[in-house]
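The next block holds one structure in the form of structure tokens; read it before the comments.
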Amino acid sequence: MFNMRLSLSSTAVILTAGLLFAASANAQPVTMKIGHATTKGAYDNWADTFKAGLAERVGDRVKVEVYPLSQLGAIPAMVQGVQLGTIEMTMTPPAFLSGVDPRFGVLSAPGIFEDLMHGFRTVHDPAFKKAYWSIGDAKGLKLVSLTCDAPTDYATSTPIRTLADFKGRKLRVFGSKLEIETLRRLGAAGVPMPLSEVVPAIQQKTIDGNKAGITIFVPFKYQRIAKYVLKPGEGLICSGRFVSKVWFDKLAPDLQKAILDQALATDPLNQAWTLKFVERMYQIWLKNGGELAELSPEDQKELRRRLSTVGDDVLKDRPAVLETYRVMKEAAERTRGG
1386 MFNMRLSLSS
1396 TAVILTAGLL
1406 FAASANAQPV
1416 TMKIGHATTK
1426 GAYDNWADTF
1436 KAGLAERVGD
1446 RVKVEVYPLS
1456 QLGAIPAMVQ
1466 GVQLGTIEMT
1476 MTPPAFLSGV
1486 DPRFGVLSAP
1496 GIFEDLMHGF
1506 RTVHDPAFKK
1516 AYWSIGDAKG
1526 LKLVSLTCDA
1536 PTDYATSTPI
1546 RTLADFKGRK
1556 LRVFGSKLEI
1566 ETLRRLGAAG
1576 VPMPLSEVVP
1586 AIQQKTIDGN
1596 KAGITIFVPF
1606 KYQRIAKYVL
1616 KPGEGLICSG
1626 RFVSKVWFDK
1636 LAPDLQKAIL
1646 DQALATDPLN
1656 QAWTLKFVER
1666 MYQIWLKNGG
1676 ELAELSPEDQ
1686 KELRRRLSTV
1696 GDDVLKDRPA
1706 VLETYRVMKE
1716 AAERTRGG
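Note that our numbering has the sequence shown beginning at 1386, numbered continuously upward.
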């Protein structure tokens, strides 16, 4: 009788193990759709690098699909999709999420960063990460990556070569109050608008140009509609990768860890690639008939004077946002000149 019970028990164990193995073998890979608004630039490079690295970590357990050029919707729609869990990741400047939480907009403050690598060191500073990276968790947006992709430049249909030329212009911005105040102090109006709507708006003369980066102007062939680019040395475009917390929290712990680890491992690789890419884009812009201008030393000095207090003035009545801004400035000081 004992031997019979042992035999039945052993058979049950074998059957259970077999069923678990079969379930594992037949399990469908987890789909991870990554949506963004640009093309042929840092976002695609980040996604391709992340996809290859994640495959090395987890094999075919995660199927990464990349959708550039707003194929999954305009930026607000993609952000909402991530919050709802219908899109697994979107890549966008955090300033577009200022409506979700105004603290996301602090990276748009002018006059903080020396260059792209200084920005990258700042956004990965431990104190800044602690204060900033978890902001979206309660709203379903888990920030897993931050890079700095380009200096902020202005592409316009008629030239801006001096500070005086800003007067009366309507220029597209991401949407943070910091950006809008920056343009106001230069004599222009900032018009929040998703990237997918900008080209038609310039063509229809609804706006005079776009505040973005050369990494946008070249792939989207802005030289045909706004060939005048000003390099003001004002700030940076830094971009985040936001994962759906609804989706992420349902993943197996080892997959969660793999995604987080690979996102962080991808950032420095992408940042190094971006430095060369930006310089190449400026060269291509000129080759394709675009123009580049910089402010005179006198105008540059005046620009810095006008914009030096934008952050403190805009945020003085918003303690939580001001505190995040303060943490960012302190991180920028620690990482300056590194």
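Note that beta-carbon positions come from the ideal geometry of N, C-alpha and C, so glycine has one too.
Item to check | Option nearest Gly1484 by Cα separation, candidates Lys1672, Gln1413 and Lys1524 | outcome: As a first step, residue 1484 is located in the sequence shown; it is residue number 99 there, counting from the start. Of the candidates Lys1672, Gln1413 and Lys1524, the one whose C-alpha sits nearest the C-alpha of Gly1484 is Lys1524.
Checklist entry - With DSSP run on the structure shown, which of helix, strand or coil describes Ile1419? => result Within the sequence shown, the letter at position 34 stands for residue 1419. If DSSP states are grouped into helix, strand and coil, Ile1419 belongs with the strands.
Item to check | Presumed contact (8 Å Cβ cut-off) between Ile1460 and Phe1481, rounded CB distance | outcome: Position 75 of the sequence shown, counting from 1, holds the residue named residue 1460. Position 96 of the sequence shown, counting from 1, holds the residue named residue 1481. At roughly 5 Å, the Cβ-Cβ gap stays under 8 Å, so Ile1460 and Phe1481 are in contact.
Checklist entry - From what residue to what residue does the alpha helix (DSSP H) around Met1474 run? => result The count along the sequence shown starts at 1 and reaches residue 1474 at position 89. No alpha helix (DSSP H) holds Met1474; the beta strand (DSSP E) holding it covers Met1474 to Thr1477.
Item to check | Beta-carbon gap between Thr1416 and Lys1436 smaller than 8 Å | outcome: Taking the sequence shown and counting its residues from 1, the one referred to as residue 1416 is at position 31. Taking the sequence shown and counting its residues from 1, the one referred to as residue 1436 is at position 51. No, they are not a contact pair.
Checklist entry - Taking all protein chains shown into account, do 16 or more other C-beta atoms lie within 10 angstroms of the C-beta of Arg1412, making it buried, or fewer, making it exposed? => result The count along the sequence shown starts at 1 and reaches residue 1412 at position 27. Reading the sequence as shown, one finds Ala at residue 1412 and not Arg. Exposed.
Checklist entry - Going straight from the alpha carbon of Ser1624 to that of Pro1479, what length do you get? => result Sequence index remark: in the sequence shown, residue 1624 carries index 239 (1-based). Sequence index remark: in the sequence shown, residue 1479 carries index 94 (1-based). So the alpha carbons of these two residues sit roughly 6 Å apart.
Checklist entry - Under a three-way DSSP split, which group does Asp1550 fall into? => result Position 165 of the sequence shown, counting from 1, holds the residue named residue 1550. Three-state DSSP puts Asp1550 in a helix.
Checklist entry - Whose C-beta lies closer than 7 Å to the C-beta of Phe1513 among residues of the same chain, with five residues either side of it excluded? => result The residue given as residue 1513 occupies position 128 in the sequence shown. Around Phe1513: Thr1507, Val1712, Met1713 and Ala1716.
Checklist entry - If Leu1621 and Gly1504 are in contact, beta carbons under 8 Å, what's the gap, nearest whole angstrom? => result What you label residue 1621 is simply residue 236 of the sequence shown in a count that begins at 1. What you label residue 1504 is simply residue 119 of the sequence shown in a count that begins at 1. Right, their Cβ atoms sit about 5 Å apart.
Checklist entry - Under a Cβ-count criterion, where at least 16 other Cβ atoms within 10 Å of its own Cβ denotes burial, should Val1398 be classed as buried or exposed? => result By one-based count along the sequence shown, residue 1398 stands at place 13. Because the pLDDT at Val1398 is just 40, under 50, the model does not fix this residue reliably, and the value given afterwards should be weighed accordingly. Exposed.
Checklist entry - Who are Gly1575's beta bridge partners in DSSP? => result Stepping through the sequence shown from its first residue, residue 1575 is reached at position 190. Leu1556, per the DSSP bridge assignment.
Checklist entry - Who are the Cβ neighbours of Tyr1613 in its own chain at under 6 Å, not counting the five residues just before and after it? => result For the purposes of this step, residue 1613 is taken as the residue at position 228 of the sequence shown. The answer, listed in chain order, is Thr1541, Pro1544 and Glu1676.
Checklist entry - Nearest to Asp1646 by CA position, among Val1443, Val1576, Glu1619 and Asn1430, is which residue? => result What you label residue 1646 is simply residue 261 of the sequence shown in a count that begins at 1. Comparing Cα-Cα distances from Asp1646 to each of Val1443, Val1576, Glu1619 and Asn1430, the minimum goes to Val1443.
Checklist entry - Helix or strand or just coil, what does DSSP make of Val1485? => result Counting from one through the sequence shown, the residue named residue 1485 turns up at place 100. Coil, per DSSP.
Next on the checklist: Beta-carbon within less than 8 Å of Ser1409's beta-carbon, same chain only, minus the 5 sequence neighbours each way: which residues are those?
Outcome noted: Residue numbering aside, residue 1409 sits at position 24 when the sequence shown is read from its first letter. Note on Ser1409: pLDDT 42, under 50, position unreliable in the model; the coordinate value appears next. Counting only Cβ-Cβ distances below 8 Å, and skipping sequence neighbours, we find nothing.
Checklist entry - What did DSSP end up calling Leu1469 once you bin it into helix, strand or coil? => result Mapped onto the sequence shown, residue 1469 falls at position 84. Reduced to three states, the DSSP call for Leu1469 is helix.
Checklist entry - What are the start and end residues of the alpha helix (DSSP H) that includes Pro1704? => result Here residue 1704 corresponds to residue number 319 of the sequence shown, with the count starting at 1. Run containing Pro1704: Pro1704 to Thr1720, per the alpha helix (DSSP H) assignment.
Item to check | Residues bridged to Pro1361 (per DSSP) | outcome: The structure shown has nothing for residue 1361, since the chain only spans 1386 to 1723.
Item to check | Gly1627, DSSP secondary structure in three states | outcome: Position 242 of the sequence shown, counted from the start, is the residue given in the question as residue 1627. Looking at the sequence shown, residue 1627 is not Gly but Phe. Phe1627: strand per DSSP, three-state reduction.
Checklist entry - Hey, which unbroken runs of the alpha helix (DSSP H) at 4 residues or more fall wholly within the segment 1671-1695? => result 1682-1692
Next on the checklist: Taking only three categories from DSSP, how would you classify Ser1493?
Outcome noted: The count along the sequence shown starts at 1 and reaches residue 1493 at position 108. Residue state, collapsed to three classes: helix.
Checklist entry - By Cβ distance, which residues of its chain are closer than 6 Å to Ala1611, with the 5 residues on each side in sequence left out? => result The residue labelled residue 1611 in the question sits at position 226 within the sequence shown. Once the five neighbours on either side are set aside, the close Cβ partners of Ala1611 are Ala1540, Thr1541, Ser1542, Ile1587 and Gly1594.
Checklist entry - What is the DSSP secondary structure of Ala1597, counted as helix, strand or coil? => result In the sequence shown, the residue the question calls residue 1597 occupies position 212. Residue state, collapsed to three classes: strand.
Item to check | Where Leu1469 falls, given that 16 or more other Cβ within 10 Å makes a residue buried | outcome: Working through the sequence shown from its first residue, we reach residue 1469 at position 84. It counts as exposed.
Next on the checklist: Is there a Cβ of chain B sitting closer than 8 Å to that of Asn1655, yes or no?
Outcome noted: Among the chains of the structure shown, chain B does not appear; only one protein chain is present.
Item to check | Close Cβ partners of Gln1656 (< 6 Å) along its chain, the five nearest in sequence each way excluded | outcome: In the sequence shown, counting from the first residue as 1, residue 1656 sits at position 271. Closer than 6 Å at Cβ, skipping near neighbours: Phe1505 and Thr1532.
Checklist entry - Start and end of the beta strand (DSSP E) containing Tyr1517? => result Within the sequence shown, numbered from 1, the residue matching residue 1517 stands at position 132. No beta strand (DSSP E) holds Tyr1517; the alpha helix (DSSP H) holding it covers Pro1511 to Tyr1517.
Next on the checklist: Here's a check: name, in chain order, each residue in its chain whose Cβ is nearer than 6 Å to the Cβ of Arg1488, leaving out the five neighbours to either side.
Outcome noted: As a working note, residue 1488 is residue 103 in the sequence shown. If we look at Arg1488 and ignore the five residues flanking it on each side, its Cβ neighbours are Ile1520, Val1706 and Thr1709.
Item to check | Paired residues, beta bridge with Thr1541 - DSSP | outcome: For the purposes of this step, residue 1541 is taken as the residue at position 156 of the sequence shown. For Thr1541, which the question treats as bridged, DSSP gives the partners Gly1594 and Tyr1613.
Checklist entry - How should Lys1527 be labelled, buried or exposed, when 16 other C-beta atoms within 10 angstroms of its C-beta is the threshold for buried? => result To locate residue 1527, count along the sequence shown from 1; it is residue 142. Buried is the call here.
Next on the checklist: Looking at Ile1472: is its Cβ nearer than 8 Å to the Cβ of Leu1492?
Outcome noted: Your numbering for residue 1472 matches position 87 in the sequence shown. Your numbering for residue 1492 matches position 107 in the sequence shown. Not a contact, by the Cβ cut-off of 8 Å.
Checklist entry - What are the boundary residues of the beta strand (DSSP E) that includes Glu1338? => result A question about residue 1338 goes unanswered here, because the residues of the chain that appear run from 1386 up to 1723.
Checklist entry - Among Ile1592, Leu1580 and Met1476, which has the Cα closest to the Cα of Phe1605? => result On the sequence shown, position 220 is the one that residue 1605 refers to. The shortest C-alpha separation from Phe1605 is found at Leu1580.
Checklist entry - Alpha carbon to alpha carbon, how far is Arg1689 from Asp1550? => result Here residue 1689 corresponds to residue number 304 of the sequence shown, with the count starting at 1. Here residue 1550 corresponds to residue number 165 of the sequence shown, with the count starting at 1. Those two C-alpha atoms are separated by around 16 Å.
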